[in-house]
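Numbering (this note's numbering), first residue to last: 120 to 485.
For glycine and all other residues, C-beta sits at the position ideal for the given N, C-alpha and C.
Read the structure below first, then the notes.
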Ligand code: GLA
C-alpha cells in the first residue's frame, strides 16, 4: 500500500497561522510517498534513500538525537497513539521528490504520510478535522511551534485551487485559481534547517507576537483586528519594544493582505494579488526579519523579469520564493531568473530548484 502526501506552497498569509489567522496555501505536485506493509508486531521500521534506517517500538517515546529524521516518525506515532489504539506496526519505505528545508513542508508531508500509513494499517480512517486536532502539535517534537497551515494544506487541498484555511474553529474553502495565472516556486539555494538556528528564530517570532498581544491587552489577534483598523493598531503598537511591535505590525498587516488577496483571487485581479505578494515580502524582510540576502535578490530578480508579484514562502531564513506571473510570461520569467540569478549562484539544477507549481490534490481529497 502507498500513501502519497504532497508538499505545499503558501501563496500568502505568512507567520500568522500560529496566531489562528486565515492563510492561503495550495498543495503542489511534488510529494512524499510512504509504501508500507502492516505488521503484527507493534514496531515501526522505516527506510529512506540517503538516511539510516530507523526501527522502534510504538511504546518507545524517547527521541533520536536532534536533527535525526527518525524524530518525524516518532512524532507521528506519539500523536496518533495518544488518540487511537494501535494494535499493528508497519514496515515502511519513504520516497520523496520534495526539496528539503525549502519551505515546502517536506517535514509535515513526511509526518502526515507516516501517520496516515499507521492509521490505515490499523483500519482507522479519521476525517481531516480529526487529524487537524492532532498533527499540528507534532512539529513541537522537532522543535518549532508551528501552526496548522501545512497539515491542512497537504491533507485537504483541491486540484486547481488555493485553500483558504481558517482556524479556531478549523474550516477550509478551496478557491479556484484562474487558468492564466501561474505560480513559480524558485529556490534561493540557501536552506533553513528546521532543527537548527531557524527553529530558534521561528519560535522567537511567535513569542514576540504573543508578548505584543498580551501587553496590548487583546485576547487574540482576531479580537484586535475586529476592534481596530490597521492604522489604529499601528498607533497602539508604538509603545512596545521594537521586536514585539514589529511582529505585531507584521501579523496584523499580513492578515489584512490575506483578506484582500482572497478578494483579488475570486475577482481574477492578478495585478492586485501580485502587489499584495510584494508588500508581504517587504514586511517579512523589514519587520519580521525572516528573509535573507538570497531571497531578497531572487524576489527582486523575478520582478525585474516580468513577474507580477513575488515573496519568500514558508518560514523563511532560506528556502523558496513564490512568484506570480501571467501564463504567457512564464517562460520569460524563468529564463530571466536563470540568466540573472542562478548563473551567479553555484549549485543550480533546473529540475530541483525551479518549478511551475501545479495546484494539486491533498492526501485526503483525491
Ligand atoms: C512554517 C510552519 C507553518 C507556518 C509557516 C510560516 O512553515 O510550519 O505553520 O507558521 O512556517 O507562515
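Residue from the options with nearest C-alpha to residue i
i           : options            : result
residue 482 : 148, 134, 139      : 148
residue 133 : 463, 444, 380      : 380
residue 163 : 178, 334, 402      : 178
residue 249 : 258, 238, 259      : 238
residue 443 : 176, 167, 476      : 476
residue 155 : 234, 427, 361, 319 : 234
residue 267 : 277, 290, 281, 318 : 290
residue 484 : 282, 138, 397      : 282
residue 260 : 197, 251, 205      : 197
residue 329 : 387, 349, 367, 382 : 367
residue 135 : 468, 451, 322      : 322
residue 280 : 128, 218, 227, 459 : 128
residue 174 : 467, 210, 202, 450 : 210
residue 417 : 347, 232, 309, 353 : 309
residue 469 : 218, 194, 435      : 218
residue 463 : 343, 344, 370, 420 : 420
C-beta contact flag for residue i and residue j at 9 Å
i           : j           : result
residue 439 : residue 186 : no
residue 240 : residue 208 : yes
residue 141 : residue 285 : yes
residue 204 : residue 153 : no
residue 428 : residue 397 : yes
residue 402 : residue 372 : yes
residue 150 : residue 216 : yes
residue 337 : residue 145 : no
residue 472 : residue 317 : no
residue 339 : residue 139 : yes
residue 359 : residue 296 : no
residue 232 : residue 213 : yes
residue 258 : residue 226 : yes
residue 364 : residue 356 : yes
Residue i Cβ short of 8 Å to the ligand GLA heavy atom set
i           : result
residue 321 : yes
residue 137 : yes
residue 142 : yes
residue 309 : no
residue 206 : no
residue 269 : yes
residue 134 : yes
residue 129 : yes
residue 256 : no
residue 362 : no
residue 263 : yes
residue 276 : no
residue 434 : yes
residue 248 : no
residue 466 : no
residue 227 : yes
residue 437 : no
residue 224 : yes
residue 315 : no
residue 266 : yes
Strand pairing of residue i, partner residues [DSSP]
i           : result
residue 129 : 144
residue 439 : 306
residue 300 : 445
residue 277 : Looking at the DSSP assignment, residue 277 forms no beta bridge with any residue, so it has no partner.
residue 212 : 154, 166
residue 479 : 146
residue 284 : 142, 291
residue 122 : 153
residue 484 : BP columns for residue 484 are empty, so no partner.
The ligand FAD heavy atom lying under 8 Å from the CB of residue i
i           : result
residue 373 : Annotation note on the ligand FAD: not contained in the displayed structure, which lists the ligand GLA as its ligands.
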